[in-house]
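Written out below as structure tokens is the structure these notes cover.
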Ligand code: C2E
Ligand code: MG
Ligand code: MG
Ligand code: MG
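Residue numbers (full-length UniProt numbering): 241 to 514.
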């Protein structure tokens, strides 16, 4: 009497497993061919100085123009790229794409480009050589690369070591989405970074929620005390901007200033605002 239900459940689980695996591996296959066919492109979001309102750099954000699905957001394909190890060739493609893009721009002052880099990238044995190459290639066009590593992914001892080595090469390193991950504060005692990007969820509390904006204030103070450059993510209102500027947050990024833009739109935006 028990055999049939057990068999049925087993068959159902097996079906689920196969379905999931197929769904996953086909999207991974699409990512692979997408890299070959140059279906990925970058949009750039200005990062604005709170001192003079000018963009001192941008964050590069990847987009995928999938041949059947249309425009696919990174939240969907980045995790699959990470699982399937395709994140490394994808990120390398992104670096080259940004180099090619910015070779076309006439930058008038020092400029930084932030790249989101997954931890899989730092396991590569030739990482230092790669980043030395990137540093030099970007320096030729007046750009300083900045590596953004999300707090969720960061910070095994091994990662910290590799990140320190990159900083010694002159690569800037930011901790991204700060406050949303599991990093203990004690880790910040052993480890130095350049930028700290305060997650949008804290910016959203401005003018709304007294308790959490105490948390925001504390993160800002931490940045000042540790000499981190503080960047606020997801600034959408003037009220938020005013608050952050009054507390000397160095850089602001968000729809209030600009959405992520294709290169030609960015070029126009920079002409108008910088
Ligand atoms: P992130 O690095 O925290 O990037 C910021 C995200 O917030 C971007 O979403 C950006 O478009 C969005 N954003 C910026 N300002 C505002 C605002 O004022 N309001 C709101 N609601 N959103 C704002 P996006 O482009 O969809 O990227 C999502 C995440 O995907 C990124 O979060 C990053 O973790 C990942 N990602 C994007 N591009 C890459 C990439 O090239 N490589 C890797 N490994 N991850 C990437
Ligand atoms: Mg980022
Ligand atoms: Mg972020
Ligand atoms: Mg974020």
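Glycine residues also receive a C-beta, built at the ideal position from the N, C-alpha and C atoms.
Note that this is a predicted model, so its numbers are computed, not measured.
In the DSSP secondary-structure assignment, residue 289 is bridged to 491.
Across the set 437, 344, 487, 364, the C-alpha of 364 shows the shortest separation from the C-alpha of residue 325. In the DSSP assignment, residue 296 falls within the beta strand (DSSP E) that extends over 295-306.
Counting only residues of its own chain and dropping the five nearest sequence neighbours on each side, residue 412 has a CB closer than 8 Å to the CB of 352, 384, 385, 386, 387, 434, 435. Per DSSP, reduced to three states, the secondary structure at residue 467 is coil, with no helix or strand assignment.
In this structure, the C-beta of residue 505 stays at least 7 Å away from each heavy atom of ligand 2.
Close CB contacts of residue 377 within its chain, under the 7 Å cut and outside five residues either way in sequence, are with 339 (chain order).
A Cβ-Cβ contact shorter than 8 Å links residue 491 with residue 287. The Cβ neighbour count for residue 356, taken over all protein chains shown within 10 Å, is at least 16; the residue is labelled buried.
CA-CA distance, residue 480 to residue 246, rounds to 57 Å.
Here residue 504 has no same chain residue with a Cβ atom under 8 Å from its own Cβ, once five neighbours each way along the sequence are excluded.
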